[in-house]
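Enquirer: Line by line, the protein sequences give chains H and E. Start counting the first sequence at 508; every next residue gets the next number (my numbering). Start counting the second sequence at 5; every next residue gets the next number (my numbering).
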Amino acid sequence: MSQTLTRKKKLKVESDSGWGYAFIAVALIAFALFTAYPVINAFIISLQDYRPLGSTFVGLENFKESFTDGLFWKALKNTGVYTLLTVPFNIFLSFLVAILILPFKKKTQTVFKAIYYLPAVASGVALAVVWLWIFDPLKSGIANQIVMFFGLENQNWLGSSATAMFSLVLMSWLSSHGTAIIIYLAALLGIDNSYYEAAEIDGASFLQKLWFIVIPFLKPTTLFLLVTGIIGSFQVFQNAYLMTGGGPDHATTMVGLLIFNNAFTYFEFGEAAAQSLMLAAVIGIVSFIQFKFLGKDIEY
Amino acid sequence: MALFNNNFRSGWALFFRNGLIITFLGLFALATIFPIYFMIISSFGDPVEAGAMSYSIFPSKISFESYKFFFNFNQYTYNWLLNSLIVAGCITVSNVLFATLAGYAFAKMNFKGKNVLFAILLGSMMIPGQVTQVPLYILMVNIFELKNTYEALIMPSIVTVYNIFLVKQFMSSIPKEIIEAAKIEGCSQPKIFYYIILPLSKTVMAVLAILTFMAAWNDFFWPFLVTQTMDMQTIQVGLKNFRFANTTYFAPMMAGATISAVPMFILFFSLQKYFLEGVTVGAVKG
Numbered sequence: 508m509s510q511t512l513t514r515k516k517k518l519k520v521e522s523d524s525g526w527g528y529a530f531i532a533v534a535l536i537a538f539a540l541f542t543a544y545p546v547i548n549a550f551i552i553s554l555q556d557y558r559p560l561g562s563t564f565v566g567l568e569n570f571k572e573s574f575t576d577g578l579f580w581k582a583l584k585n586t587g588v589y590t591l592l593t594v595p596f597n598i599f600l601s602f603l604v605a606i607l608i609l610p611f612k613k614k615t616q617t618v619f620k621a622i623y624y625l626p627a628v629a630s631g632v633a634l635a636v637v638w639l640w641i642f643d644p645l646k647s648g649i650a651n652q653i654v655m656f657f658g659l660e661n662q663n664w665l666g667s668s669a670t671a672m673f674s675l676v677l678m679s680w681l682s683s684h685g686t687a688i689i690i691y692l693a694a695l696l697g698i699d700n701s702y703y704e705a706a707e708i709d710g711a712s713f714l715q716k717l718w719f720i721v722i723p724f725l726k727p728t729t730l731f732l733l734v735t736g737i738i739g740s741f742q743v744f745q746n747a748y749l750m751t752g753g754g755p756d757h758a759t760t761m762v763g764l765l766i767f768n769n770a771f772t773y774f775e776f777g778e779a780a781a782q783s784l785m786l787a788a789v790i791g792i793v794s795f796i797q798f799k800f801l802g803k804d805i806e807y
Numbered sequence: 005m006a007l008f009n010n011n012f013r014s015g016w017a018l019f020f021r022n023g024l025i026i027t028f029l030g031l032f033a034l035a036t037i038f039p040i041y042f043m044i045i046s047s048f049g050d051p052v053e054a055g056a057m058s059y060s061i062f063p064s065k066i067s068f069e070s071y072k073f074f075f076n077f078n079q080y081t082y083n084w085l086l087n088s089l090i091v092a093g094c095i096t097v098s099n100v101l102f103a104t105l106a107g108y109a110f111a112k113m114n115f116k117g118k119n120v121l122f123a124i125l126l127g128s129m130m131i132p133g134q135v136t137q138v139p140l141y142i143l144m145v146n147i148f149e150l151k152n153t154y155e156a157l158i159m160p161s162i163v164t165v166y167n168i169f170l171v172k173q174f175m176s177s178i179p180k181e182i183i184e185a186a187k188i189e190g191c192s193q194p195k196i197f198y199y200i201i202l203p204l205s206k207t208v209m210a211v212l213a214i215l216t217f218m219a220a221w222n223d224f225f226w227p228f229l230v231t232q233t234m235d236m237q238t239i240q241v242g243l244k245n246f247r248f249a250n251t252t253y254f255a256p257m258m259a260g261a262t263i264s265a266v267p268m269f270i271l272f273f274s275l276q277k278y279f280l281e282g283v284t285v286g287a288v289k290g
């Protein structure tokens, strides 16, 4: 009996397999061609002085060059500063807003969710163009009108190395929290009411409920947002590219931008590939540390 | 009973608390949409040089001169929009088709190497885009010699791992008894897929289509890299070039930005449910 069952099962497995491969064929070919092959090639190119006609093998020269290049370290530092200033604050802000939306009716919640998500729908280029004008260094610029209203001097927002990075950070604070708010709110709505009821019977205050129920429950969500936020932030450079070009004096040159410039401005493909692999390594290490220290109870 | 205590002794206290919260949320909402509001309002101004004008937060008049200016900038402005539509449309259709097929296969079919292959796909999502950027560019431009073609714009995004993952997550919740019952009746896999799985997967396909279309429409760097002539550029690349050609014309630039963003706003407000649903897929358990 059991033998026939296993044979039947085997038959079924075999009957699936032909179609199984057919169903994933296009996906696999696309993956092999546009992801796997480029990744392998990135390693090869990183060891070369790449020229379209005849590259020469240079060993680890590209890596060494980046390590001794002050600009690479500065870009890494800028990326770290940007990440530290944006990711934790954006997560905190999203958490706060999601909590505050919670007591309202579903309709009100949806309206707020839609508003906060709107910048994520707009194209990055359009937003960059608008923010460029908001940061207009003239007195008539919107950002300057606001700071002058509070009695401060008008600033050369993107043009001075003292404020350029902060300007990009400010833009991130005000335009990249929509996704996190929605994710937090969905997680908040998933907490069963019985927990709050039990806490109330014990006389728990709002803050106690927040601390002992909500925060532990949302830990996986927070970790997810933190890891994806940091991975994303380490790669950010579109705004820097479009708004400051990495300047002034490389104050906003991120690693992503440095790689892009090395590749497509100076056509140093080898060095760009080496730096992209180092960036991948940094991201991998940072993500690993977060998983290690912040918990393993998260599923993707 | 919930996180918030709504049993105040007086109605006024509740009213006061909610008023405070709404004020905070409202101010933050204002700060969030201000750039978009500013963009749309300013696009209705006259196309005069920025030095000669002052920014106003409230529109003094509504004119479409700046839109005309943007479209008359060169003969390719309509091409940009059309190219964006073609590229984003093709990418969306191919992703819906191939990601649904692959997602179903990974979720519900049995074949050798399935788990290993899926693990490799998942692992590849951790690799930053910068790593593949240069080799991909070399592949498309130097090896396939496809620079400045629709193929170069579309092919690398023909089906993304993220979308396969999204579909697989969704399909895992379809009970396998349905599929087994169909098999016993002698239904082949393509028939099961077409007659049973597809009708059950409309939501995930809609979510996937919308998110893919939006990402493709808003994509800037890849089209920027692989297009050479103005007639092949997408609206995002065109807008960037317009900006550098006319750094002083404020209102037309806002008109261009509005044109590049408004199709997505319309899509968002008409299909909001799917957008907001799509954000949480893969992030929240259950």
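Beta carbons: idealized from backbone N, C-alpha and C, even for Gly.
Can you round the beta-carbon distance between L229 (chain E) and Y141 (chain E) to whole angstroms, since I take them to be within the 8 angstroms contact cut?
Expert: The sequence position of residue 229 (chain E) within the second sequence is 225, counting from 1. The sequence position of residue 141 (chain E) within the second sequence is 137, counting from 1. Yes, L229 (chain E) and Y141 (chain E) are in contact; Cβ-Cβ is about 6 angstroms, under 8 angstroms.
Enquirer: Curious, which full-length alpha helix (DSSP H) runs of at least 4 residues does the segment 53–127 of chain E contain?
Expert: 69–75 and 81–112
Enquirer: Check the Cβ of Y108 (chain E) against every Cβ in chain H and list those closer than 8 angstroms, keeping chain order.
Expert: Counted from its first residue, the second sequence places residue 108 (chain E) at position 104. The answer, in chain order, is F530.
Enquirer: List, in order along the chain, the chain H residues whose C-beta lies closer than 9 angstroms to that of N22 (chain E)?
Expert: Walking along the second sequence from the start, residue 22 (chain E) turns up at place 18. In chain order: P610 and F611.
Enquirer: Could you give the distance in angstroms between the alpha-carbon of I168 (chain E) and the alpha-carbon of F73 (chain E)?
Expert: Here residue 168 (chain E) refers to the residue found at position 164 of the second sequence. Here residue 73 (chain E) refers to the residue found at position 69 of the second sequence. Rounded to whole angstroms, I168 (chain E) to F73 (chain E) spans 42 angstroms at the Cα level.
Enquirer: In this structure, what does DSSP give as the bridge partners for T670 (chain H)?
Expert: Counting from 1 along the first sequence, the entry for residue 670 (chain H) is found at position 163. None; T670 (chain H) has no bridge partner.
Enquirer: If V743 (chain H) sits next to G763 (chain H), beta carbons under 8 angstroms apart, how far is it from one beta carbon to the other, in whole angstroms?
Expert: Here residue 743 (chain H) is taken as the residue at index 236 of the first sequence, counted from 1. Here residue 763 (chain H) is taken as the residue at index 256 of the first sequence, counted from 1. At roughly 6 angstroms, the Cβ-Cβ gap stays under 8 angstroms, so V743 (chain H) and G763 (chain H) are in contact.
Enquirer: Out of E:S161, E:N22, E:S60 and E:F19, which one is the CA nearest neighbour of A92 (chain E)?
Expert: Against the second sequence, residue 92 (chain E) aligns to sequence position 88. Residue E:S161 is the option with its Cα nearest to A92 (chain E).
Enquirer: State the beta-bridge partners of T563 (chain H) as determined by DSSP.
Expert: Stepping through the first sequence from its first residue, residue 563 (chain H) is reached at position 56. Paired residue(s): H:D556.
Enquirer: Whether or not the segment 201–218 of chain E and the segment 86–102 of chain E are in contact is what I'm after, with contact meaning three or more pairs of Cβ atoms, one per stretch, closer than 8 angstroms; do they touch?
Expert: yes
Enquirer: What residues in its chain sit with their C-beta under 7 angstroms from that of A186 (chain E), if we drop five residues either side in the sequence?
Expert: As a first step, residue 186 (chain E) is located in the second sequence; it is residue number 182 there, counting from the start. I196 and I200.
Enquirer: Give, in chain order, every residue of the segment 770–782 of chain H whose Cβ lies closer than 7 angstroms to some Cβ of chain E.
Expert: A770, F771, F776, A779 and A780
Enquirer: Can you tell which of E:L86, E:C191, E:N152 and E:M113 has its C-alpha closest to the C-alpha of W226 (chain E)?
Expert: Here residue 226 (chain E) is taken as the residue at index 222 of the second sequence, counted from 1. Among E:L86, E:C191, E:N152 and E:M113, the Cα nearest to that of W226 (chain E) belongs to E:N152.
Enquirer: If you drop the 5 nearest sequence neighbours on each side, which residues of the same chain put their C-beta closer than 8 angstroms to that of E806 (chain H)?
Expert: Numbered from its first residue, the first sequence carries residue 806 (chain H) at position 299. Here E806 (chain H) scores only 49 on pLDDT, less than 50, and its place in the model is too uncertain to base an answer on.
Enquirer: For L600 (chain H), I'd like the list of residues in its chain whose CB is within less than 6 angstroms of its CB, leaving aside the five on either flank, ordered along the chain.
Expert: The residue given as residue 600 (chain H) occupies position 93 in the first sequence. The answer, listed in chain order, is H684.
Enquirer: At a cut-off of 6 angstroms, would you count S64 (chain E) as near the ligand HEM, judging by its Cβ distance to the nearest heavy atom?
Expert: Summarising the ligand content, the structure contains no ligands, and the ligand HEM is consequently not present.
Enquirer: Along chain E, in chain order, which residues have C-beta atoms closer than 8 angstroms to that of L665 (chain H)?
Expert: Position 158 of the first sequence, counting from 1, holds the residue named residue 665 (chain H). The contacting residues do not exist; L665 (chain H) stays about 13 angstroms from chain E at best.
Enquirer: Count the other CB atoms within 10 Å of the CB of L143 (chain E); is the residue buried (16 or more) or exposed (fewer)?
Expert: As a working mapping, residue 143 (chain E) is identified with position 139 in the second sequence. L143 (chain E) comes out buried.
Enquirer: Tell me the residue span of the alpha helix (DSSP H) that contains Y166 (chain E).
Expert: Taking the second sequence and counting its residues from 1, the one referred to as residue 166 (chain E) is at position 162. First-last of the alpha helix (DSSP H) with Y166 (chain E): V165 to M175.
Enquirer: Quick check: is the beta carbon of Q742 (chain H) nearer than 7 angstroms to any beta carbon in chain E?
Expert: By one-based count along the first sequence, residue 742 (chain H) stands at place 235. At a cut-off of 7 angstroms between beta-carbon atoms, Q742 (chain H) makes contact with chain E.
Enquirer: Going along chain H in order, which residues have a C-beta closer than 7 angstroms to the C-beta of N9 (chain E)?
Expert: By one-based count along the second sequence, residue 9 (chain E) stands at place 5. Ordered by position in chain H, the residues that pass the 7 angstroms Cβ test against N9 (chain E) are F713.
Enquirer: Do L243 (chain E) and V632 (chain H) have their CB atoms nearer than 7 angstroms?
Expert: Indexing the second sequence from 1 puts residue 243 (chain E) at position 239. Indexing the first sequence from 1 puts residue 632 (chain H) at position 125. It is a contact, given that the beta carbons lie within the stated cut-off.
Enquirer: Under 8 angstroms: do the segment 654–665 of chain H and the segment 604–617 of chain H share three or more Cβ pairs, one atom per stretch?
Expert: Counting Cβ pairs under 8 angstroms, fewer than three are found: no touch.
Enquirer: Going straight from the alpha carbon of L518 (chain H) to that of G190 (chain E), what length do you get?
Expert: As a first step, residue 518 (chain H) must be located in the first sequence, where it is residue number 11. As a first step, residue 190 (chain E) must be located in the second sequence, where it is residue number 186. Confidence at L518 (chain H) is low in this model, with a pLDDT of 49, below 50, so its placement is unreliable and the value that follows should be read with caution. Those two C-alpha atoms are separated by around 14 angstroms.
Enquirer: How would you write the range of the alpha helix (DSSP H) that F197 (chain E) sits in, first residue to last?
Expert: Here residue 197 (chain E) is taken as the residue at index 193 of the second sequence, counted from 1. F197 (chain E) -> no alpha helix (DSSP H), and no H or E assigned at all.
Enquirer: When burial is assigned at 16 or more other CB atoms within 10 Å of the CB, is M258 (chain E) buried or exposed?
Expert: The sequence position of residue 258 (chain E) within the second sequence is 254, counting from 1. With 16 or more Cβ atoms within 10 Å of its Cβ, M258 (chain E) is classed as buried.
Enquirer: Can you pull the chain H residues whose beta carbon is under 7 angstroms from the beta carbon of A261 (chain E), in chain order?
Expert: By one-based count along the second sequence, residue 261 (chain E) stands at place 257. The answer, in chain order, is A633, V636 and V637.
Enquirer: Could you check whether the Cβ of A264 (chain E) sits closer than 7 angstroms to any Cβ belonging to chain H?
Expert: Looking up residue 264 (chain E) in the second sequence gives position 260. In the sequence on display, residue 264 (chain E) carries Ser and not Ala. By this cut-off, S264 (chain E) is an interface position.
Enquirer: Who are the near neighbours of K716 (chain H) in its chain, counting only those whose CB is closer than 7 angstroms to its CB and skipping five residues on each side?
Expert: Stepping through the first sequence from its first residue, residue 716 (chain H) is reached at position 209. When the five nearest sequence neighbours on each side are left out, the beta carbons in the same chain lying within less than 7 angstroms of the beta carbon of K716 (chain H) are those of Y703 and A706, in order along the chain.
Enquirer: Would you kindly work out how many angstroms separate the C-alpha atoms of I649 (chain H) and F269 (chain E), rounded to a whole number?
Expert: Position 142 of the first sequence, counted from the first residue, corresponds to residue 649 (chain H). Position 265 of the second sequence, counted from the first residue, corresponds to residue 269 (chain E). About 24 angstroms.
Enquirer: Nearest to V676 (chain H) by alpha carbon, out of H:L540, H:I720 and H:W664?
Expert: Taking the first sequence and counting its residues from 1, the one referred to as residue 676 (chain H) is at position 169. Of H:L540, H:I720 and H:W664, the residue nearest in Cα terms is H:W664.
Enquirer: For the segment 578–589 of chain H against the segment 744–762 of chain H, do three or more pairs of beta-carbon atoms, one drawn from each stretch, fall closer than 8 angstroms, so that the two count as touching?
Expert: yes
Enquirer: At a Cβ threshold of 7 angstroms, is G527 (chain H) touching chain E?
Expert: Sequence index remark: in the first sequence, residue 527 (chain H) carries index 20 (1-based). True, the Cβ-Cβ gap to chain E drops below 7 angstroms.
Enquirer: Following the continuous alpha helix (DSSP H) through W640 (chain H), name the residue where it begins and the one where it ends.
Expert: Here the question's residue 640 (chain H) lines up with position 133 in the first sequence. First-last of the alpha helix (DSSP H) with W640 (chain H): G631 to I641.
Enquirer: So, are the CB atoms of A111 (chain E) and K172 (chain E) less than 7 angstroms apart?
Expert: Numbered from its first residue, the second sequence carries residue 111 (chain E) at position 107. Numbered from its first residue, the second sequence carries residue 172 (chain E) at position 168. Result yes, Cβ atoms of A111 (chain E) and K172 (chain E) sit closer than 7 angstroms.
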